[in-house]
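Enquirer: Numbering that gives the first Met the number 0 puts the first residue of the sequence shown at 0, with every later residue one more than the last. Quick one: the structure is below, and I'll ask about it shortly.
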Amino acid sequence: MKIPKISIEQLLEAGVHLGHKTLRWNPKMKQYIFGKRDSIHIIDLTQTLELTNVALEKVHNTISSGGKILFISTKKQASEAVAQLAKDTDQYFVNYRWLGGMLTNWGTISNSIKKLNKINSDLSSE
């Protein structure tokens, strides 16, 4: 896997700079906010680009060394791209609805999946 080159222009075209409405912001994000316009925070793309490149390098290093990553994106716009990337690199992904407890309560979720698989198996054998 080759690390993709990303430019500020690409981030701008993708609308990455458009944040949440100013009423819904988290104060911990203050250092990453460039300004505001029409009650929407504008994200600092210089920092975004720098930190995205750091993240891409870490993802690349993890995958290259045989590590595993769980890619998560429940947004429709990114759903196909996330699934394709995960499949191409033999990684895990969630690109539909996030089930509460999938990470923090895996035992219960796992049992529910086993029950569902058994029901499906029983129904298909009838």
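Glycine included, C-beta positions come from ideal geometry on N, C-alpha and C.
Just checking: is the beta-carbon of W24 within a distance shorter than 7 Å of some beta-carbon in chain C?
Expert: Although the question refers to chain C, the structure presented lacks it and comprises just one protein chain.
Enquirer: Where does G106 sit, in a helix, a strand or coil, going by DSSP?
Expert: Residue state, collapsed to three classes: helix.
Enquirer: Name the DSSP bridge partner or partners of R36?
Expert: BP columns for R36 point to I39.
Enquirer: On the DSSP bridge list, what partners appear for H17?
Expert: Here the sequence assigns Leu to residue 17, which means His is not the residue at that position. Answer by DSSP bridge pairing, in chain order: I41.
Enquirer: Taking the straight line between their C-alpha atoms, what separation do you get for G18 and S123?
Expert: Cα to Cα, the separation comes out at about 47 Å.
Enquirer: In the DSSP output, which residue or residues are listed as bridge partners for L69?
Expert: Paired residues: Y91.
Enquirer: Measure the alpha-carbon distance for I80 versus I71 and round it to whole angstroms.
Expert: Looking at the sequence itself, residue 80 is Ala, so the reference to Ile does not match. The straight-line gap from Cα to Cα measures roughly 11 Å.
Enquirer: Short of 6 Å in beta carbon distance, which residues of its chain neighbour V93, apart from the five on each side in sequence? Order them along the chain.
Expert: Cβ within range, chain order: I71.
Enquirer: Are the CB atoms of I39 and K57 nearer to each other than 7 Å?
Expert: No, they are not a contact pair.
Enquirer: Which of helix, strand or coil does DSSP assign to L98?
Expert: DSSP places L98 in coil when its eight states are reduced to three.
Enquirer: Of all the options E125, L11 and K35, which has the alpha carbon lying nearest to the alpha carbon of L22?
Expert: Nearest of E125, L11 and K35 to L22, Cα basis: K35.
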